[in-house]
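Since the structure comes first, as structure tokens, the remarks are kept for the end.
In the working numbering, the protein residues as written are 48 to 325.
Quick look at the structure:
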């Protein structure tokens with residue numbers, strides 16, 4: 048009996064393959080990728096035709112950035128491998144486009160902008176201080192519990208991608224903010240609607256955006272911009288690249304090296320702006 052693509056998608060979602068090793072953010076993104084595939088090929092035969100696949104790929108390339116496309120095709124490959132293993136079908140006839148890596152350098156805030164941003168008070172101020180002090184991803188910050196924090200040693204444990212744990216130090220400024228914050232939940236950043244649950248990444252982004260808008264920032268401020276900024280600022284101050292890799296939880300040093308390019312670019316910008324004979 049022939050099974051539809053929708054059937055196999057449902058089987059795949061029920062299996063551990065989609066969940067295994069992914070953060071909630073990555074899981075949502077990959078599940079969204081599969082919904083796009085399902086919507087396009089809803090009435091198509093499971094043995095997808097090359098021409099239909101090429102049209103689908105062409106549509107995706109017009110609508111999505113290279114980084115999103117790479118994740119999408121990774122999601123599709125994993126699904127197809129699952130179907131091949133379970134059904135004996137083959138998708139070898141489908142050609143996956145080569146996506147050029149986006150070479151744009153990370154944007155960063157300067158020191159003055161960070162100082163101004165950290166003037167915010169309350170839970171929003173604590174969130175901003177936490178992100179800049181730790182370099183954490185917003186999904187990691189939202190999941191932090193009070194029990195993860197060792198105030199005596201000014202360190203905390205963060206569970207990153209694939210639930211991999213890393214222990215990192217934090218600043219005295221963050222320690223002071225944490226000391227002043229009432230503990231009404233096991234989560235440091237609890238949901239205002241339900242203190243038993245962590246703040247959602249979406250709501251955290253909204254808080255940060257509103258805080259920066261109220262301070263009339265020229266550029267859009269978002270959590271990953273703060274992560275980029277602390278990495279670059281540490282490099283500017285002479286921190287070792289591997290220390291920054293450990294702080295940020297990068298699996299590959301090549302990811303961290305992108306910040307080295309930013310730091311070098313800033314060197315030339317400062318030189319051109321300040322050297323008396325430039």
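All C-beta atoms, glycine included, are put in the ideal place defined by N, C-alpha and C.
query	result
Between the C-alpha atoms of residue 241 and residue 140, what's the straight-line distance to the nearest angstrom?	49 Å
Who are the near neighbours of residue 224 in its chain, counting only those whose CB is closer than 6 Å to its CB and skipping five residues on each side?	173, 176
Beta-carbon separation of residue 116 and residue 83 under 7 Å?	no
Using the rule of at least 16 other Cβ atoms within 10 Å of the residue's Cβ for burial, across every protein chain shown, is residue 280 buried or exposed?	buried
Just the C-alpha distance for residue 105 and residue 52, rounded to the nearest angstrom, thanks.	20 Å
Considering only DSSP beta bridges, list what residue 272 is partnered with.	According to DSSP, which records beta bridges pairwise, residue 272 is partnered with nothing at all.
Would you call the stretch 266 to 275 and the stretch 179 to 186 in contact, with 3 or more CB pairs under 8 Å?	yes
Mapping the DSSP letters down to three states, classify residue 215 as helix, strand or coil.	strand
DSSP three-state call for residue 197: helix, strand or coil?	strand
Are three or more beta carbon pairs between the stretch 187 to 205 and the stretch 252 to 265 nearer than 8 Å?	no
Taking the alpha-carbon of residue 293 as reference, which of 278, 158, 101 has the nearest alpha-carbon?	278
If you drop the 5 nearest sequence neighbours on each side, which residues of the same chain put their C-beta closer than 7 Å to that of residue 122?	77, 80, 81
State the Cα-Cα distance for the pair residue 137 and residue 131, rounded to the nearest angstrom.	6 Å
When you compare the CB positions of residue 216 and residue 234, do they come within less than 7 Å of one another, or not?	no
How long is the line joining the alpha carbons of residue 128 and residue 228, rounded to whole angstroms?	48 Å
I need the DSSP call for residue 203, collapsed to helix, strand or coil.	strand
Would you grab the beta carbon distance between residue 171 and residue 258 for me? Rounded to a whole angstrom, and I think it's under 8 Å.	5 Å
Quick one: measure Cβ to Cβ for residue 143 and residue 158, integer angstroms, because I've assumed they're closer than 8 Å.	About 43 Å; that fails the 8 Å criterion.
Between the C-alpha atoms of residue 87 and residue 108, what's the straight-line distance to the nearest angstrom?	14 Å
Consult DSSP for residue 192 and reduce its assignment to one of helix, strand or coil.	strand
Check residue 123 in the structure and name its three-state DSSP category.	helix
Among all the DSSP beta bridges, which residues are the ones paired with residue 237?	245
Checking 7 Å against the spacing of the C-beta atoms, do residue 126 and residue 276 come in under that value?	no
Pull up the distance between the alpha-carbon of residue 60 and that of residue 89, whole angstroms please.	16 Å
Given this structure, state the Cα-to-Cα distance separating residue 113 from residue 103, to the nearest angstrom.	15 Å
Can you give me the start and stop residues for the alpha helix (DSSP H) that residue 109 sits inside?	97 to 110
In terms of alpha-carbon separation, which member of 291, 207, 193 lies closest to residue 226?	193
Taking DSSP as the reference, what is the three-state secondary structure of residue 167?	coil
Along the chain, where does the alpha helix (DSSP H) containing residue 292 start, and where does it finish?	288 to 295
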